[in-house]
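Chemist: Take 24 as the starting number for the sequence shown in our numbering and just add one per residue.
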Amino acid sequence: MKKVLSLLVLVFIISTMFATVTFADDPIEVTGVTLSLSLEEGSTAILTAAITPADAANKDVKFSSSNPSVATVTGATYDSVSGTTSVTVHAIAAGSAVITATSADGGKTAVTHVTVVSKAPAIAAIVLSADSRVKPGSSFNVAVGLNKLSQSVYAQDITLTYDSNLFEYVSAAGASDYIQIVTEDKATAGKVRLVTANIGGITGASAQVLDLSFKVKPGARNTTGTIAVTEAKLGVAPEGTVIQAAPASKSITIGDVDQPVVDKTALTAAITNAQNLYDGAVVGTLPGQYPKEAKDALGAAIKAATAVQDNQSAAQSQVDSATAALGSAVDTFKAAVIREVSADLNKDGSINVGDLAIVAYHYGKDSVGSDWTAAKIADMNSDNKIDITDLAYIASKILE
24 MKKVLSLLVL
34 VFIISTMFAT
44 VTFADDPIEV
54 TGVTLSLSLE
64 EGSTAILTAA
74 ITPADAANKD
84 VKFSSSNPSV
94 ATVTGATYDS
104 VSGTTSVTVH
114 AIAAGSAVIT
124 ATSADGGKTA
134 VTHVTVVSKA
144 PAIAAIVLSA
154 DSRVKPGSSF
164 NVAVGLNKLS
174 QSVYAQDITL
184 TYDSNLFEYV
194 SAAGASDYIQ
204 IVTEDKATAG
214 KVRLVTANIG
224 GITGASAQVL
234 DLSFKVKPGA
244 RNTTGTIAVT
254 EAKLGVAPEG
264 TVIQAAPASK
274 SITIGDVDQP
284 VVDKTALTAA
294 ITNAQNLYDG
304 AVVGTLPGQY
314 PKEAKDALGA
324 AIKAATAVQD
334 NQSAAQSQVD
344 SATAALGSAV
354 DTFKAAVIRE
364 VSADLNKDGS
374 INVGDLAIVA
384 YHYGKDSVGS
394 DWTAAKIADM
404 NSDNKIDITD
414 LAYIASKILE
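#1: Kindly confirm or deny that the stretch 392 to 407 and the stretch 292 to 301 touch, where touching means at least three C-beta pairs closer than 8 angstroms.
#2: Measuring alpha carbon to alpha carbon, tell me which of Asp333, Thr355, Gly392, Ala328 ends up nearest Ser344.
#3: Taking the alpha carbon of Val263 as the point to measure from, which residue in Leu422, Gln179, Thr67 has its own alpha carbon closest?
#4: Relative to the alpha-carbon of His385, which residue among Glu254, Thr247, Leu414, Ser87 has its alpha-carbon at the smallest distance?
#5: Below 8 angstroms, how does it come out for the stretch 316 to 324 and the stretch 271 to 290: are there three or more Cβ pairs, yes or no?
#6: Is it true that the CB of Leu257 sits closer than 8 angstroms to the CB of Ala269?
#7: To the nearest angstrom, how far is it from the Cα of Ala366 to the Cα of Ile374?
#8: List in chain order: all unbroken alpha helix (DSSP H) runs of 4+ residues lying wholly within the stretch 239 to 285.
#9: Note down the Cα distance separating Glu423 from Pro314, rounded to an integer number of angstroms.
#10: Are there three or more Cβ pairs, one per stretch, closer than 8 angstroms when the stretch 105 to 121 is compared with the stretch 245 to 256?
#11: Count Cβ pairs between the stretch 238 to 245 and the stretch 149 to 164 that sit closer than 8 angstroms; are there 3 or more?
#12: Does the beta-carbon of Asp354 have 16 or more other beta-carbons within 10 angstroms, so that it is buried, or is it exposed?
#13: Mind checking whether Ile417 and Val382 have CB atoms under 8 angstroms apart?
#14: For the stretch 169 to 179 and the stretch 219 to 237, state whether three or more C-beta atom pairs, one from each stretch, are separated by less than 8 angstroms.
#15: Starting from Leu169, follow the beta strand (DSSP E) in both directions and report where the run begins and ends.
#16: Just to confirm my understanding: we take Phe356, look at its own chain, exclude 5 residues before and 5 after, and list those with CB closer than 6 angstroms. What are they?
#17: Can you grab the Cα-Cα spacing for the pair Ala292 / Ala330, in whole Å?
#18: With distance defined between alpha-carbon atoms, name the residue in Val93, Ala166, Val306, Gly377 nearest to Ala114.
#19: Between the C-alpha atoms of Ala116 and Ala99, what's the straight-line distance to the nearest angstrom?
#20: Determine the DSSP secondary structure at Asn90, reduced to helix, strand or coil.
#21: How is the alpha helix (DSSP H) around Ile204 delimited, first residue to last?
#22: Would DSSP call Leu349 helix, strand or coil?
#23: Taking the beta strand (DSSP E) that Val437 belongs to, which residues open and close that run?
#24: Rounded to the nearest angstrom, what separates Val34 and Asp83 at their Cα positions?
#25: Could you tell me whether the Cβ atoms of Val96 and Ala271 are closer together than 8 angstroms?
#26: Per the DSSP calculation, Ser109 is bridged to which residue(s)?
#27: Using 10 angstroms around the beta-carbon of Gly387, count the other beta-carbons present and answer buried if the total reaches 16, otherwise exposed.
#28: Does the beta-carbon of Tyr192 have 16 or more other beta-carbons within 10 angstroms, so that it is buried, or is it exposed?
#29: Take Ser194 as the anchor and find which of Asn188, Lys214, Leu62 has the nearest alpha-carbon.
#30: Work out the CA separation of Glu63 and Ser89 for me, nearest whole Å.
#31: Got a sec, what are the start and stop residues for the beta strand (DSSP E) Leu414 sits in?
#32: Which runs of the alpha helix (DSSP H) at least 4 residues long sit entirely within the stretch 287 to 312? Give them in chain order.
#33: Closest to Ile181 by CA distance: which of Lys171, Ile146, Thr253 is it?
#34: Let me know if Ser126 comes out buried or exposed under the rule of 16 or more other beta-carbons within 10 Å of its beta-carbon.
Rendered as structure tokens:
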């Protein structure tokens with residue numbers, strides 16, 4: 024006589040990628056195991072039930088759903104090697120259901136609570152199509168399309184930006200006779216706003232809406248520019264709602280096929296960094312300020328680097344050299360900052376008239392004097408002389 028089933032443990036193994044979660048056999052009788060599962064509409068998951076002991080006479084398990092309109096189970100399969108039975112759970116529609124696994128003799132059950140959430144709607148997205156390389160002085164086209172349209176779009180408000188030092192915007196036209204440009208605002212260089220209407224509407228996985236024309240500006244060569252849709256508002260009808268489409272950009276290289284592309288990205292970043300440092304620097308003799316000659320030298324380095332950046336014929340080696348030279352100039356400038364020194368000259372833990380007396384004692388001395396080694400302690404701004412600036416600095420510290 025076959026051994027009678029003495030203990031049942033139902034174990035749910037939940038996975039959409041067939042990774043397993045197992046519960047160890049328990050010598051204490053188990054009345055059920057409860058798990059939770061969240062799925063998106065249209066997705067699936069695997070549930071697996073295991074019966075113990077391994078030599079149980081009947082290992083059959085039946086699965087059922089409390090709400091087949093939300094989740095169903097199909098394809099029960101028994102694996103003799105692992106001694107488990109698996110089914111596929113199908114998420115049908117948003118809602119809740121309970122999947123129950125029951126042993127063949129009906130004596131043991133385990134359940135999992137399934138929550139099905141609505142499938143996230145596809146996000147409409149702009150797509151830009153154009154040649155990745157264009158010749159100097161040439162004209163070229165950029166196609167503007169819309170992907171993943173789950174609603175009917177009858178109008179667009181599209182903002183376009185482009186590198187105005189490299190490209191010239193020429194015109195825009197609807198991709199078909201049913202797409203009409205209602206408003207075109209190109210007053211600002213490097214920016215175009217187009218408001219269009221779609222007669223009959225557009226929807227579906229992909230639709231082209233605009234054809235744009237550009238020209239490469241004279242002198243632009245051996246570099247790369249960008250054309251981008253930075254904002255796209257889509258009008259949906261008949262609801263009259265407005266949805267946003269994900270933006271897009273396209274990099275376009277200017278140069279003949281046999282010409283190497285010169286990358287000025289690092290140089291541009293270095294110039295921006297140096298200019299910000301220059302603009303924020305204050306010329307003076309106080310701590311945190313800079314000598315005038317140091318700031319003048321940085322300004323000259325920025326000017327030289329900018330000349331290379333603006334030179335459309337500059338080779339990559341020239342660009343790299345300009346980047347390195349500007350970086351060195353920035354390091355030199357930073358090192359020239361007047362550093363704050365301690366005003367506690369007598370080392371008594373406070374700044375007082377005793378410190379002021381030391382500066383007054385050395386007043387008028389400079390670095391060419393024979394006793395500068397002793398006097399330079401009073402040189403608060405490191406300008407190699409003791410003068411009214413040093414006295415004023417100590418006085419200001421006394422009042423703090």
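Ideal Cβ placement from N, Cα and C applies to all residues, glycine included.
Modeler: If we stick to the structure as given:
#1: no
#2: Ala328
#3: The sequence shown places Gly at residue 263, not Val. Taking only the C-alpha atoms, the option nearest Gly263 is Gln179.
#4: Leu414
#5: no
#6: no
#7: 6 angstroms
#8: none
#9: 25 angstroms
#10: no
#11: yes
#12: exposed
#13: yes
#14: yes
#15: 162 to 185
#16: Ala317, Leu321
#17: 15 angstroms
#18: Val93
#19: 21 angstroms
#20: coil
#21: That residue, Ile204, is in no alpha helix (DSSP H); its beta strand (DSSP E) goes 202 to 208.
#22: helix
#23: The structure shown has nothing for residue 437, since the chain only spans 24 to 423.
#24: Since pLDDT at Val34 reaches only 37, below the 50 mark, its modelled position is unreliable, and the value read off the structure follows with that caveat. Each residue's Cα considered, the two are about 14 angstroms apart.
#25: no
#26: Thr71, Thr100
#27: exposed
#28: buried
#29: Lys214
#30: 18 angstroms
#31: Per DSSP, Leu414 belongs to no beta strand (DSSP E); it is in the alpha helix (DSSP H), 411 to 422.
#32: 288 to 303
#33: Thr253
#34: buried
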